[in-house]
Amino acid sequence: MCFEVINCLCVCVCVCVCEADRVLVKVQDLTPDKADQLIWLRARVHTSRAKGKQCFLVLRQQQFNVQALVAVGDRASKQMVKFAANINKESIVDVEAVVRKVEQKIESCSQQDVELHMERIFVISQAEPRLPLQLEDAVRPDGEGEEEGRATVNQDTKLDNRVIDLRTTTSQAVFRLQSGVCQLFRDTLINKGFVEIQTPKIISAASEGGANVFTVSYFKTSAYLAQSPQLYKQMCICADFDKVFCVGPVFRAEDSNTHRHLTEFVGLDIEMAFNYHYHEVIDSITDTMVQIFKGLRDNFQTEIQTVNKQYPSEPFKFLEPTLRLEYTEGVAMLREAGVEMGDEDDLRFRAPNPGTVNSSSKYDTDFYVLDKYPLAVRPFYTMPDPNNPKYSNSYDMFMRGEEILSGAQRIHDAQLLTERAQHHQIDLEKIKAYIDSFRYGAPPHGGGGGRSVACLYLGLHNVRQTSMFPRDPKRLQTPTDLCEKGARYFRMGGVSSTGGQSSFSPGQQLH
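Take the sequence shown: its letters are residues -20 to -1, 1 to 491, numbered as in mature numbering (1 follows the signal peptide of the UniProt record, and there is no 0).
Pasting the structure below:
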């Protein structure tokens, strides 16, 4: 009997390898319309449960999953049922199965109206029998299952085992929506006539001033990692590109471990010339943001609902036109919330909790603009308010009470720009090319740089949840570090997943 099974396995492995024209169906496409069809599917084994002469598997592709059944009968032997029951979680399998409608919805799966009746199963890639974390624990909402003693997984454990955590339905949804933010940002601006640019990340002087920069060795001198693409965006405007944007990494040497700070993140930056007033820039940016919000609302409901199952939040609200307040009104909102601050303090750093500067209850919107910031808290290239030199033609934009974009009209006069740089004690020699670009005629212009849109749109409470491999003062891991950590984990013996080690090597099959 064993000899016959082994021979059968060898033949089937060859068939599996050679049938390159086999069509593999996606889990998300398994609907009642495919009932009674024989299909092939490649997926991960999410869970397995043996019950008598039957074995139930949940097969997962990204954020979609489906229940699969194998039972002893004409099309399956006892050996196949036993084999299926012992496939390790997270193994990748190919299955041949018939799609069947179900009388009662399968609430635990995304495909609730069908299940698969398996006829053949191949193990394409076998996972280790022990996993550093269980995916069902990693997606469990805080507090759920405490009475039954079911576990949840803390953030550090998730980040230490990021590749596994990224397989969860929540993480899949988060990063697909984040990809959508970047795509909507690009599409909207290109439709508005903007040009995408790429700017240097190794620069000769700190673009924002101050000490929050990473210094790097650059041959016989020192250089810095760019805090923003700011100076080069403006130089492109001076070069008559008129309207530009870029999507790229930004580096901030902020020794902070708050929920909103990272030392590296992806910035969404805009710069444009205007005709009469810098509010033209605000109008263009707010319209871009509104188009992003609409695109997420209309095209990413599956992802939003998936995230909300683990991290409940209210639907994101916005107005058309966007609510615009002056800085002094923002200060008043903080004071009403019990925060003590002066008229010219930077309110971005005075709000003690997320959402303190929240407009939702008063104005029924989660997105708004604060205009006319004090000049003293803005970078050197910010245009002063011509009517009140204590203030500036600058603005911040907020989502759910937290700043997501900072911008301003820029100084386009070389002499005034030089004076402001000297006031901020910036070495003029290091930004000579930047200042010189304004000596040959520069149009009035402004812009802004944003981040954390996906995080705040979804109502998440930590930017690390929307950073694929986050960098902060305590987290700088390379793939080598993670592999060694995983090796130590398995040498020590981690938490066992359900189901034992299969005795069949990858590529084997039973029927």
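Heads up, the beta-carbon is just placed ideally off N, CA and C, and yes, glycines get one too.
Excluding sequence positions up to five before and after Glu108, its CB lies less than 6 Å from no other CB in the same chain. If you keep only unbroken alpha helix (DSSP H) runs of at least 4 residues inside the stretch 210 to 298, you get 210 to 218, 259 to 279 and 281 to 290. With contact defined as three or more Cβ pairs closer than 8 Å, the stretch 25 to 38 and the stretch 117 to 136 are not in contact. In the same chain as Lys410, and ignoring 5 residues on each side of it, the C-beta atoms closer than 8 Å to its own belong to Ser184 and Ala185, in chain order. Within the same chain, Phe298, Glu300 and Thr302 come within 7 Å of Val270 by CB-CB distance, once the 5 residues on both sides are set aside.
In this structure, the alpha-carbon of Thr195 lies about 7 Å from that of Ser202. According to the DSSP assignment, Gly173 belongs to no beta strand (DSSP E), since it is labelled neither H nor E. When secondary structure is reduced to three states using DSSP, Cys35 falls in the strand class. Residue environment for Ile170: exposed (fewer than 16 other C-beta atoms within 10 angstroms of its C-beta). Secondary structure of Ala56 (DSSP, three-state): coil. If you draw a 10 Å sphere on the C-beta of Ile67, you find 16 or more other C-beta atoms in it, and that means buried. Glu316 is not a Cβ neighbour of Gly439, given a cutoff of 8 Å. For Ser202, the pairing in a beta bridge is given by DSSP as Ser197. By alpha-carbon distance to Phe418, the top candidate from Lys454, Ser432 and Asp220 is Asp220.
Contact annotation: Phe231 and Ala206 have beta-carbon atoms nearer than 8 Å. Between the stretch 247 to 267 and the stretch 279 to 288 there are fewer than three inter-stretch CB-CB distances shorter than 8 Å, so the stretches are not counted as touching. Per DSSP, reduced to three states, the secondary structure at Met313 is helical. Around the CB of Val143, fewer than 16 other CB atoms lie within 10 Å, so the residue is classed as exposed. Straight across, the Cα-Cα distance linking Gln178 with Val227 is about 8 Å. Between Ala388 and Gly429, the beta carbon gap of about 10 Å keeps them out of contact (Cβ cut-off 8 Å).
Assigned with DSSP and collapsed to three states, Lys352 falls in coil, not helix or strand. For Gln457, there is no enclosing beta strand (DSSP E), since its DSSP letter is neither H nor E.
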